[in-house]
Ligand code: FES
Ligand SMILES: [Fe+2]
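Residue numbers (this note's numbering): 123 to 562.
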């Protein structure tokens, strides 16, 4: 990859082509639970813009430029009052949609409150997440509505996690399936795995074959292995524009999952994860039933602070070398770091704020990553020529994407096998049927 394309893909601030593309879509801004009714405003950095999020005492959410449109004092220090946020410098008050309501330091006949709007973005809440539209359209596009985002909050495990690096590194880590058998399961011995457990295939055969394809919504891969008894074991995963991934670690029938690598700025990313509570995760156990060392731990978080990058920080971080245990690494763990997320975090952050992709030496194992970069560059070029990004006019291409593992007949081409799985999952008579058109 040349330096120009690397910059094109990774720079997301105002005025950049990638930033403009992302701004066309609804973007996850924070969890609903982070904005308390009548509570403190929250600093939100999104696509290089310093914003504040708040929820009025009545429950309405606003996301606006943190700088007051009067003389740029930070609205983070504002008073969250009924009906809006009041700047504490001269008392100007703003409704959640940015409309100026009062200019109390200006004589009534000189007030231009009615004509003043603070730069605020349209918001909506869905399934426990606050979404923001930062694009240029007068009327925001319809909600993309990827399957997991349509589930009610009660059916979801939602989480956020901060990464100190560019979104593309995070995203590429999510679609880089061949690292699983090393970074996460590199110390697992073949003989410790149950040969009948299909989920453990990714640890038994660490160099699988792949199909990779461009799709309407992004790119997909299907890693496949022969089960030895006349069937093919597939693990299908997707990249969805502009920064989403669906991972294959679970049974297809109920694997409703989603990751969003949301750029805060060029060198900070917030990962949002949606997981359907009814899903069965993939490989986690050895044949004696004991957990696989290093795969079975949730991350520990520091309490959220108020700074731009103080939300959802892990206790283990670059400053303490992710609490690496070299003794464990030598004896029983590939990395000496505990937990899948932490292992991923350490590796993608270790590449630097923005990885220098001109220094890479790519192999066939990187096919999905190469195709995804090309796909994004292609969409960027079309967008610069004025074409609308995929999925804004036809959101069904997002709504009917699902990842997961399944078995299929060797005679059936992989895309047909996948289509059959999708048709079954979205069958109106099935248990799992989420028709976006019927959702509130
Ligand atoms: S700077 Fe906000 S009211 Fe003056
Ligand atoms: Fe990983």
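Note that the Cβ used here is the ideal one computed from N, Cα and C, for glycine as well.
Residue span of the alpha helix (DSSP H) that contains residue i, given as start and end
| i | result |
| --- | --- |
| residue 128 | 125-132 |
| residue 295 | 289-296 |
| residue 186 | Unbroken run through residue 186 is the beta strand (DSSP E), 183-187; no alpha helix (DSSP H). |
| residue 479 | Per DSSP, residue 479 belongs to no alpha helix (DSSP H) and is neither H nor E. |
| residue 567 | This structure leaves residue 567 out entirely; the chain is present only between 123 and 562. |
| residue 537 | 536-547 |
| residue 323 | 323-326 |
| residue 453 | 448-453 |
| residue 518 | 518-521 |
For residue i: DSSP bridge partner residues
| i | result |
| --- | --- |
| residue 342 | 335 and 360 |
| residue 392 | 284 and 384 |
| residue 239 | 221 |
| residue 203 | 206 |
| residue 367 | 361 and 381 |
| residue 149 | 254 |
| residue 413 | 407 |
| residue 164 | 175 |
| residue 372 | 403 |
| residue 159 | 177 |
| residue 436 | 423 |
| residue 278 | 398 |
| residue 216 | 207 and 222 |
| residue 354 | 348 and 530 |
| residue 196 | 189 |
Residues of its chain near residue i, where Cβ-Cβ distance is below 7 Å and the 5 sequence neighbours each way are ignored
| i | result |
| --- | --- |
| residue 397 | 278, 279 and 379 |
| residue 137 | none |
| residue 424 | 435 and 437 |
| residue 403 | 371 and 372 |
| residue 126 | none |
| residue 557 | In this prediction, residue 557 has a pLDDT of 44, which is less than 50 and means its spatial position is unreliable; nothing more can be read from the coordinates. |
| residue 451 | 457 and 458 |
| residue 468 | 444 and 459 |
| residue 562 | Here residue 562 scores only 33 on pLDDT, less than 50, and its place in the model is too uncertain to base an answer on. |
Unbroken beta strand (DSSP E) run spanning residue i, endpoints
| i | result |
| --- | --- |
| residue 527 | 526-530 |
| residue 176 | 171-177 |
| residue 467 | Looking at the DSSP string, residue 467 is not in any beta strand (DSSP E); the run it does join, the alpha helix (DSSP H), is 462-472. |
| residue 246 | 245-248 |
From the options, residue whose alpha carbon lies closest to that of residue i
| i | options | result |
| --- | --- | --- |
| residue 171 | 160, 242 and 471 | 242 |
| residue 304 | 537, 514 and 457 | 457 |
| residue 376 | 487, 194, 526 and 199 | 526 |
| residue 401 | 339, 205, 369 and 427 | 369 |
| residue 163 | 183, 148 and 146 | 183 |
| residue 535 | 471, 547, 344 and 495 | 344 |
| residue 274 | 292, 286, 259 and 251 | 251 |
| residue 185 | 193, 168 and 192 | 168 |
| residue 328 | 312, 431 and 471 | 312 |
| residue 416 | 448, 538, 449 and 455 | 455 |
| residue 157 | 180, 461 and 314 | 180 |
| residue 211 | 227, 269, 503 and 338 | 227 |
| residue 336 | 499, 514 and 547 | 499 |
| residue 492 | 348, 341, 363 and 193 | 341 |
| residue 135 | 387, 543, 234 and 540 | 387 |
| residue 237 | 249, 229 and 224 | 224 |
| residue 521 | 538, 503, 365 and 548 | 548 |
| residue 490 | 232, 165, 300 and 235 | 300 |
| residue 159 | 494, 207, 426 and 517 | 207 |
| residue 339 | 430, 231, 362 and 203 | 362 |
| residue 464 | 276, 419, 453 and 427 | 419 |
Sequence-distant residues of the same chain with beta carbon closer than 8 Å to residue i, five excluded per side
| i | result |
| --- | --- |
| residue 282 | 152, 153, 392, 393, 394, 395, 433 and 434 |
| residue 505 | 139, 142, 143, 146 and 511 |
| residue 552 | With a pLDDT of only 39 at residue 552, under the threshold of 50, the placement of this residue in the model should not be trusted; the figure read from the coordinates follows. Once the five neighbours on either side are set aside, the close Cβ partners of residue 552 are 546. |
| residue 422 | 436, 437 and 438 |
Sequence-distant residues of its chain with Cβ nearer than 6 Å to residue i (five each side left out)
| i | result |
| --- | --- |
| residue 132 | 288, 290 and 476 |
| residue 246 | 253 |
| residue 124 | none |
| residue 560 | Since pLDDT at residue 560 reaches only 40, below the 50 mark, its modelled position is unreliable, and no value is offered. |
| residue 128 | 479 |
**Request:** Spell out a yes or no on whether the region 287-305 and the region 377-390 are touching, meaning 3 or more CB-CB pairs, one atom from each, closer than 8 Å.
**Result:** yes
**the region 311-318 / the region 403-418 touching (three or more Cβ pairs under 8 Å)** = yes
**Prompt:** Using 8 Å as the threshold, is the region 167-181 in touch with the region 206-224, meaning 3 or more CB pairs across them?
**Reply:** yes
**Prompt:** Do three or more CB pairs link the region 526-544 to the region 341-353 at distances below 8 Å?
**Reply:** yes
**Message:** For the region 228-242 against the region 257-275, do three or more pairs of beta-carbon atoms, one drawn from each stretch, fall closer than 8 Å, so that the two count as touching?
**Reply:** no
**Prompt:** For the region 331-346 against the region 479-497, are there 3 or more C-beta pairs whose distance is under 8 Å?
**Reply:** yes
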